[in-house]
Amino acid sequence: MNKTFNYSTLRVGIIGGGQLGKIMAQKAKKMGFHVTILDPTPNCPAAQVSDKQIIGGFHDVEKLSQLVEENDVTTFELEHVDTSILKKMYDDGNKIYPSPYLIELIQDKFKQKELLDKKGIPVPLYKEVKSEACLESFGFPVIQKARKGGYDGKGVILLKSKDDLSKAIKADSFIEELVDIEKEIAVMVARNIEGEIVCYPVVEMLFDERVNICDIVIAPARIDEEIRKQVEEIAIKSIEVLDGVGVFGVELFLTKDNRILLNEIAPRPHNSGHYTIESCLTSQFEQLIRAVTNLPLGSTKLISPSAMVNLLGEEGYKGEPIIEGIHEALEISGLSFHFYGKEQTSPFRKMGHITVLDESLDEALKKAQIAKQILKVKGSIKI
Numbered sequence: 164m165n166k167t168f169n170y171s172t173l174r175v176g177i178i179g180g181g182q183l184g185k186i187m188a189q190k191a192k193k194m195g196f197h198v199t200i201l202d203p204t205p206n207c208p209a210a211q212v213s214d215k216q217i218i219g220g221f222h223d224v225e226k227l228s229q230l231v232e233e234n235d236v237t238t239f240e241l242e243h244v245d246t247s248i249l250k251k252m253y254d255d256g257n258k259i260y261p262s263p264y265l266i267e268l269i270q271d272k273f274k275q276k277e278l279l280d281k282k283g284i285p286v287p288l289y290k291e292v293k294s295e296a297c298l299e300s301f302g303f304p305v306i307q308k309a310r311k312g313g314y315d316g317k318g319v320i321l322l323k324s325k326d327d328l329s330k331a332i333k334a335d336s337f338i339e340e341l342v343d344i345e346k347e348i349a350v351m352v353a354r355n356i357e358g359e360i361v362c363y364p365v366v367e368m369l370f371d372e373r374v375n376i377c378d379i380v381i382a383p384a385r386i387d388e389e390i391r392k393q394v395e396e397i398a399i400k401s402i403e404v405l406d407g408v409g410v411f412g413v414e415l416f417l418t419k420d421n422r423i424l425l426n427e428i429a430p431r432p433h434n435s436g437h438y439t440i441e442s443c444l445t446s447q448f449e450q451l452i453r454a455v456t457n458l459p460l461g462s463t464k465l466i467s468p469s470a471m472v473n474l475l476g477e478e479g480y481k482g483e484p485i486i487e488g489i490h491e492a493l494e495i496s497g498l499s500f501h502f503y504g505k506e507q508t509s510p511f512r513k514m515g516h517i518t519v520l521d522e523s524l525d526e527a528l529k530k531a532q533i534a535k536q537i538l539k540v541k542g543s544i545k546i
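Here the sequence shown stands for residues 164 to 546, numbered as in the numbering used here.
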């Protein structure tokens, strides 16, 4: 397969126009590439910084075909897409990365886990749910996960006892042991068409318990060197096993007894990698553009310790977003503010993020937590 691109006229297509697509587009534009976005929402965040938007859904076969045909390479900012047409086009020699076959595998969290397990990647104990009896087979408490469609804490439920069986997910699902977690950690891994692979610093994730959305990311993770090396080895091996091309968010558990278990993989830039925009020599977003266009991968060196905080829509508000506290927050030394340009806010919707750099990780975290209290994304309508 011809892997050469004419970089002076390179056309990049991105499926998805949210905040990830927006920052991907900005990095592609910095390199002089032409960017087309496919998204159903007119003037979505990525469309605001791209050359063209095709307005269409992620299961619209005609619009997906148009995007691939009009561009030299197509990539993704989300995995919930129709892969059938993309697989045909990929087989016909169109450059689509990560491969639609990999996207299809990752869409099914059970199949993803099964393959990684078979290839020797450590994962929590899991079992497909075929009946209510299966839900009880690990005892309680147990985690139940929908095989498809879950994200940002959706499609995951904790069944504490038999009494919770009435709340069980009715869709195709699997169960997982409830792991005794010390820390939730993540690492971004990039791999290009030639198979060159690089790993970013391992980070620590703190979650908003109300909705199980990643709230704060601490870079680097507060773990010892031996654990860090093991995490990197597992993450790199998992992307090689998948033959992935692009950028991948690998989420893992560090257990109380110091085991490392892979939770799941996102086949795209990931919330846990936002800190890389300011904190690393090459951001996860530029790295993706390099990987899918077969350019050499950039350095993942951490320039400075940092803490990233998601700015979520406040509870009790929707409508046009109103940012409170921006002046006060930007007085904090080392703080970078990102707002995604979404036209509507709603409770817990990801509206932006901040990253705070400081030579001291503790100071960066302290400043980020102060900024989190100051910055509020409210809306024009009280609900």
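Even for Gly, the Cβ is constructed at its ideal location relative to N, Cα and C.
Distances from the alpha-carbon of A188 to those of Y503, L321, S401 put Y503 closest. About 15 Å separates the Cβ atoms of G479 and Q507, ruling out a contact at the 8 Å cut-off. DSSP lists I218 as the bridge partner or partners of D202. It is roughly 18 Å from the alpha-carbon of Y289 to the alpha-carbon of S324. Within the stretch 436 to 476, the runs of beta strand (DSSP E) at least 3 residues long that lie entirely inside it are, in chain order, 469 to 475. Separation of G179 and Q211 (C-alpha to C-alpha, rounded to the nearest whole angstrom) is 13 Å. For the 9 Å CB-CB criterion, L369 and I338 do not form a contact. For R385, the closest C-alpha among the options A470, P285, T246 is that of A470. Taking C-beta separations shorter than 8 Å and ignoring five residues to either side along the sequence, the partners of I489 in its chain run F500, L538, following chain order. The residue among V175, I390, L444 with its C-alpha nearest the C-alpha of V455 is V175. The count of Cβ pairs closer than 8 Å, one atom from the stretch 328 to 345 and one from the stretch 391 to 402, stays below three, leaving the stretches out of contact.
Taking 9 Å as the cut-off, the beta carbon of G195 is found closer than this to the beta carbon of S171. Taken atom to atom, the span from the alpha-carbon of P205 to that of I177 is near 15 Å.
Put simply, the backbone Cα of R391 is about 28 Å away from that of K535.
C207 sits in coil when the DSSP states are folded into three classes, being neither helix nor strand. One alpha carbon belongs to E295, the other to K282, and they sit about 29 Å apart. According to the DSSP secondary-structure assignment, H516 is paired through a beta bridge with N473, H501. For G176, the enclosing beta strand (DSSP E) covers residues 174 to 178.
Collapsing the DSSP output to three states places N434 in a helix. G302 has its alpha-carbon roughly 45 Å from the corresponding atom of I452. Each residue's CA atom was taken as its position, placing L201 and L278 some 30 Å apart. The alpha carbon of C207 has as its nearest neighbour, out of C362, M514, E526, K529, the alpha carbon of M514.
Non-local C-beta neighbours of C443 in its own chain, meaning closer than 7 Å and more than five positions away in sequence, comprise Y363, T463, K464, L465, I466, ordered along the chain. In the DSSP secondary-structure assignment, I428 is bridged to V413.
With 16 or more other CB atoms across the displayed protein chains lying within 10 angstroms of its CB, P484 is buried. Contact annotation: A527 and I348 have beta-carbon atoms that are not nearer than 9 Å. Its chain contains E345, I390 as the residues whose beta carbon lies nearer than 8 Å to that of N421, once the 5 sequence neighbours on both sides are disregarded; these appear in chain order. Take E449, set aside five residues on each side of it, and the residues of its chain with a beta-carbon closer than 7 Å to its own are K190, G461, in chain order. Here the alpha carbon of K274 sits roughly 26 Å from the alpha carbon of Q447.
T199 has its alpha-carbon roughly 42 Å from the corresponding atom of L341.
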